[in-house]
Amino acid sequence: MPLEVQRLFWRVSRAFQISAMCFFALMAAVAAIALFFFASGFAEWPVLLVQLQSGGLVNIAPALIGAVFVLSGLLLSFMPANWRVLALENSHRSFRMRMEDVTQAYMVAHAADREGLFQMSSEFDAVRERIVYLRNHPELGELEPDVLDVAAQMSRISEDLAARYSDAKVTRAKSFLAQRRDEAAMTDARIEDALHVTRELRRLIEVVEMEESVAASRLEQLRAELDALLPNFDLAPTTPAAKASVVRLASATGRHRKTARVAK
Numbered sequence: 162m163p164l165e166v167q168r169l170f171w172r173v174s175r176a177f178q179i180s181a182m183c184f185f186a187l188m189a190a191v192a193a194i195a196l197f198f199f200a201s202g203f204a205e206w207p208v209l210l211v212q213l214q215s216g217g218l219v220n221i222a223p224a225l226i227g228a229v230f231v232l233s234g235l236l237l238s239f240m241p242a243n244w245r246v247l248a249l250e251n252s253h254r255s256f257r258m259r260m261e262d263v264t265q266a267y268m269v270a271h272a273a274d275r276e277g278l279f280q281m282s283s284e285f286d287a288v289r290e291r292i293v294y295l296r297n298h299p300e301l302g303e304l305e306p307d308v309l310d311v312a313a314q315m316s317r318i319s320e321d322l323a324a325r326y327s328d329a330k331v332t333r334a335k336s337f338l339a340q341r342r343d344e345a346a347m348t349d350a351r352i353e354d355a356l357h358v359t360r361e362l363r364r365l366i367e368v369v370e371m372e373e374s375v376a377a378s379r380l381e382q383l384r385a386e387l388d389a390l391l392p393n394f395d396l397a398p399t400t401p402a403a404k405a406s407v408v409r410l411a412s413a414t415g416r417h418r419k420t421a422r423v424a425k
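Just so you know, we're using the working numbering here: the sequence shown kicks off at 162 and counts up by one.
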């Protein structure tokens with residue numbers, strides 16, 4: 162609930178309570194004065210006749226006036242306690258409203274301090290600069306001067322905090338974090354692409370190995386069939402080529418030289 166609505170509701174409730182107590186007090190006073198005049202004989206009792214079941218008439222005006230006086234007196238007996246409760250509520254409400262006003266003024270001054278609007282370095286000049294700013298603010302025109310003074314002093318005390326968490330630094334930090342988040346998102350996307358490529362390569366490798374295995378199996382089957390058919394044509398079966406013996410050139414050259422020397 163907004164602060165202005167709370168204030169209006171509290172004022173209406175307080176006015177209604179005070180009006181009710183004044184009404185009961187006035188009613189008790191009127192009933193007491195009427196009883197005094199009627200009982201002293203300065204005035205005649207009013208007549209308010211009520212017919213009974215037996216047919217007789219009874220004047221209930223004195224009893225009614227007396228009942229109103231007694232009821233008003235009973236209600237007035239609670240008035241001192243009610244006044245004390247109203248006084249406590251008023252004190253608590255005033256304290257709460259002042260604290261809310263101080264909080265509101267301090268938030269305005271702290272926001273301006275974070276924007277770097279205050280330039281005075283000495284404590285007295287800094288507090289006075291803040292008071293002038295708060296006094297000229299459109300939302301704080303109805304606040305009391307002592308409230309503005311307290312808010313200005315609180316803002317001066319938290320000046321280091323405002324400088325550390327200024328709007329420029331907070332904006333720069335947010336921009337840096339947003340950039341880091343974008344970089345993390347790009348890295349994540351690249352990792353996802355790399356994983357996709359890796360999975361695709363693994364699948365292709367498995368396909369190639371399967372095709373090579375199938376080709377080797379068919380080649381062995383073809384060789385077996387060919388070996389079964391070659392004896393019908395008086396041909397030797399297919400066998401792997403024999404490994405040729407390799408003679409080193411240096412060794413052969415040395416042997417020829419030795420043979421030539423013996424021949425001489």
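All residues carry an ideal CB built from backbone N, CA and C; glycine is no exception.
Would you tell me roughly how many angstroms separate the C-alpha atoms of residue i and residue j, rounded to the nearest one?
i	j	result
E370	A334	53 Å
L218	L209	9 Å
A200	N243	32 Å
A204	V229	18 Å
R351	R342	14 Å
D354	T348	10 Å
S378	D388	15 Å
L362	S336	39 Å
Q212	F184	32 Å
L391	L365	38 Å
T332	S180	55 Å
A403	D395	Because A403 sits at a pLDDT of 43, beneath the cut-off of 50, its placement in the model cannot be relied upon, and the following sentence gives the value as read from the coordinates. In a straight line, the C-alpha of A403 is about 21 Å away from that of D395.
Q382	V375	11 Å
Is it the case that the Cβ atoms of residue i and residue j are separated by a distance below 8 Å?
i	j	result
Q314	V288	yes
S238	A189	no
Y426	A272	Since the first residue of the chain shown is 162 and the last is 425, residue 426 is not available in this structure.
I292	L309	yes
Write down the C-beta distance between residue i and residue j rounded to the nearest angstrom, noting that I regard them as a contact closer than 8 Å.
i	j	result
V263	A323	The pair is not a contact, with the Cβ atoms about 17 Å apart (cut-off 8 Å).
M426	M182	Residue coverage of the chain in this structure runs from 162 to 425, which leaves residue 426 outside it and unanswerable.
A195	I226	6 Å
P207	A222	4 Å
Using CA coordinates, which residue listed in the options is at the minimum distance from residue i?
i	options	result
E290	A270, D328, E303	A270
R317	P306, D349, A389, M268	M268
S282	A193, D321, Q340, A186	D321
R245	E367, R175, L362, N393	R175
L236	A224, Q178, L278	Q178
E284	P299, H298, S319	S319
Going by beta carbon distance, what residues of the same chain come within less than 7 Å of residue i, once the five residues before and after it are set aside?
i	result
E276	D328
Grab me the residues of residue i's own chain with a C-beta within less than 6 Å of its C-beta, minus the 5 sequence neighbours each way, in chain order.
i	result
M162	No answer about M162 holds up, because its pLDDT of 49 lies below 50 and its placement is not dependable.
V173	none
V358	none
L301	A266, L295
E344	none
Sorted by chain position, which residues of the same chain lie with C-beta nearer than 8 Å to residue i's C-beta, five sequence neighbours on each side aside?
i	result
V231	none
Q280	E290
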